[in-house]
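Numbering (the UniProt record's numbering), first residue to last: 1 to 930.
Laid out in structure tokens, this is it:
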């Protein structure tokens, strides 16, 4: 990514538009990514390509250590670490309206002078439109390369143009306007696809009023509201433009010839924006051997071009365990100890003013130097989440220094492999303890260690031993859990009748096999069903809307696989793997090209393998409803496909006017951003089944998360599932709940019935996300109306009240939360939502952003309680209380849960209840025999 210097923008900010004196309008991104400088563990990209060389001058003024004489083979090895950080750059967004070649036509130009991959997300308001403000523009108005977004907008990429007067590279797009289009206003926002940021003004859209331009060239009826006061952006540009033109007309009335005083003129307006840009810095460490007083010593010279105050937080290690310790003096001037485990050295400014540096001299007894970097007060830098590491060669290897391979390999972190078993974990613990014991028992090293240091080592050994025992204890299966046998004829729930058009789905009694003895119980494996897995699954959504930004998500997720397993997750849902027009992956193009913005195919395989090794099943996000084309047909419509599946337009449904398909009509709702695939075509189903089977075999996916299943009949999903035989499958059937006068209806039977209908169309082979439960939780928690959590029959009001084994409950995902925020869960009440879904039947799903947040400990406790009590997708539930400020229920007569500020305690009877977990507005009890 290119770097933007700040100087041109400082000059730019001092310039004001020539035609008015209004101050520049403050404009900030609507969504801002988390800056690495605010993290305790910044991420790094290690570059192997040549970079600007930092001068390895060993200045004696840097340190008070004596001048050392080099060995006869003074080979210097240098490790250079690339540091990519973010900083704010200032730029501008500009809008210009000019006359076209024909004076009756107009041309609107929107541009930006900041680096990025800019996309104009825009729509129009038609003169006669009284229904909504956003509509898709006429086809003749849409620039080439645009992509329609549903039925209300288009996205057009900005292209690089000539340099501006300030010397900046501009990105701009031009849109032709004609009076015949009948456009009264254009609405837009800017999106930077490199970062995922949306640029708005004070959380509103930009709006450019075109009423005056249209009135001058044609006779029109007035729009539904006056555009002089149209609410919008560009600092309410429409009002500004109208006022400016009115002032100009009044001041020039005596000079403008009659008949021309109403002629509209173009305008130019710019607003100032800030953007986080990537800045590339580096730190270079040069090492060499020198003699001092007859002894060989290591000299390390640190140099960095990071601006500001830079502190080196460092230590040394003696073996491959890379355990930090403090070397004996002398130390560089100004060095201070940190908790007897490390040293901190302030880097001094270089004489040329470019960066800072320091020199460290060490005894030869150490195998390497470890460090992290602190910039200013709150920014810490590491290498890919680990400490920087510089290996130090022994004097016996000096003659081979010149033949070494790239020293950058020295920063690779070696860790003991972890397998999905207690014994593999204990091997890892034993490995760490062995290093600690060896380190502590060495006579030579023991003389150097204080009693305090030795005590800290033994405390660490005790901690590791306790952790090993805790894992072992939790790995022992409980003997009291009855084994549930899945009926062969049908997979439906007991005593629940679901109203389905023209058919009734009656769920039979579950068959419960009582455990006659311990050996028999342990030998019985749970039945696997593609809609439920084992029935005890806990799903983790392993990404958010911005996970593609780094380009290495598969690598980053692999690093936390074992942690997710330790929390208790059994299934992880990965993002779409295919080549995609959109970086998030939901606009797939070549289905067999698995090199995406999340990583390449090999990295994906490694990630899946890692999850399997820690005992987690993996779901692929399969986008089957639509596919982006490679080529245009003779009419210029994008509906011809390339790649391995080179379909023609007969693979596209015929009732989507945007893509002129020659297939049959759609069996579901349309997704207007891309060609909707006609699943009724035999060749389409054959190709998709082969693709799913290929993914299962080649990548190792265990199942599917099916995107936008509203777009095609569930019977086709049945076909795909039977062909690919997944371990688990869940569909996204998301539509609107029922509302009356803007208020959520208490009765959401119609909504959950549509989800149940889709599940039934798959023959019960797939589960579905319980959108109904999420929506009801929203209103119940926002308005403190917990009575909503019980339907008229005293059952849960979502899909879990009708068909719990097929309901995947959730409170947030990449669409509803993250940076999209389409339907964000009530802020601050997330743990109440998790207390509900993690104690109730159904298969719960937990969002990645919540796992790695301050909620992690609470979520882990809830998952542990669920597993400890054997709560599963078919668990029974008895609602004890559903009132204004409190909801309470008993699950499987093992767990009692209360959410809401109101009071509830489970009654003592045949069971004795003990409080297990207590949080803000929720409490959970576990039962035991008195």
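For each residue, glycine too, the CB sits at the ideal point set by N, CA and C. None of the values given here were measured: they were computed from a predicted structure.
According to DSSP, residue pairing for residue 183 in a beta bridge involves 126. When beta bridges are read from the DSSP output, residue 632 appears opposite 638. Out of 302, 364, 356, 304, the CA that lies nearest to the CA of residue 327 is found in 364.
The residues 178, in chain order, have a CB closer than 6 Å to that of residue 105 in the same chain once the five nearest residues on each side in sequence are set aside. For residue 392, there is no enclosing alpha helix (DSSP H), since its DSSP letter is neither H nor E. Contact between residue 607 and residue 554 holds: CB atoms are separated by about 4 Å, below the 8 Å threshold.
Per DSSP, residue 554 has no beta bridge partner at all. Nearest neighbour of residue 921 by Cα position, chosen from 868, 912, 676, 786, turns out to be 786. Contact between residue 690 and residue 706 is absent: CB atoms are separated by about 17 Å, not below the 8 Å threshold. Burial state of residue 682 is exposed, judged by a 10 Å Cβ sphere holding fewer than 16 other Cβ atoms.
Taken in chain order, the unbroken stretches of alpha helix (DSSP H) that lie wholly in the region 704–735 and span 4 residues or more are 714–724. Using a Cβ distance threshold of 8 Å, residue 710 and residue 677 do not count as a contacting pair.
Membership of residue 81 in the beta strand (DSSP E) is indicated by the continuous run 77–99. The bridge partners DSSP lists for residue 593 come to none. Distance from the CA of residue 80 to the CA of residue 285, rounded to the nearest whole angstrom, comes to 6 Å. Between the beta-carbon of residue 875 and that of residue 891 there is about 5 Å, and that keeps the pair under the 8 Å contact cut. The C-alpha of residue 695 is placed about 6 Å away from the C-alpha of residue 701. Collapsing the DSSP output to three states places residue 599 in a strand. With fewer than 16 other Cβ atoms from the protein chains shown falling within 10 Å of its own Cβ, residue 852 counts as exposed.
Taken atom to atom, the span from the alpha-carbon of residue 777 to that of residue 925 is near 21 Å. The region 561–580 and the region 716–725 do not touch, with fewer than three beta-carbon pairs separated by less than 8 Å. In this structure, residue 187 sits near residue 123, with a CB-CB distance shorter than 8 Å. Listed as beta-bridge partners of residue 575 by DSSP are no residues whatsoever. If you ignore the 5 residues before and after residue 334, its C-beta comes within less than 8 Å of the C-beta of 345, 346, all in its own chain and listed in chain order. The C-beta distance from residue 591 to residue 601 rounds to 13 Å, too long to fall under 8 Å, and the pair is not in contact. For residue 880, the enclosing beta strand (DSSP E) covers residues 877–882.
A residue is called buried when at least 16 other Cβ atoms come within 10 angstroms of its Cβ; residue 663 meets this threshold and is buried.
Of all alpha-carbon atoms in 824, 393, 759, the one lying nearest the alpha-carbon of residue 782 is that of 824.
Using a 10 angstroms sphere on the CB of residue 819, the tally of other CB atoms reaches 16 or more, which defines it as buried. The beta carbon of residue 641 is closer than 6 Å to those of 629, 630, 647 in its chain, skipping five residues each way along the sequence. In the structure shown, the three-state DSSP call for residue 534 is coil. Between the alpha carbons of residue 583 and residue 622 lies a distance of about 15 Å. Distance from the CA of residue 659 to the CA of residue 649, rounded to the nearest whole angstrom, comes to 8 Å. In the displayed model, residue 121 falls within a strand according to three-state DSSP.
For the 8 Å CB-CB criterion, residue 916 and residue 893 do not form a contact. Annotation: residue 866 is outside any beta strand (DSSP E); the continuous alpha helix (DSSP H) that includes it extends over 856–868.
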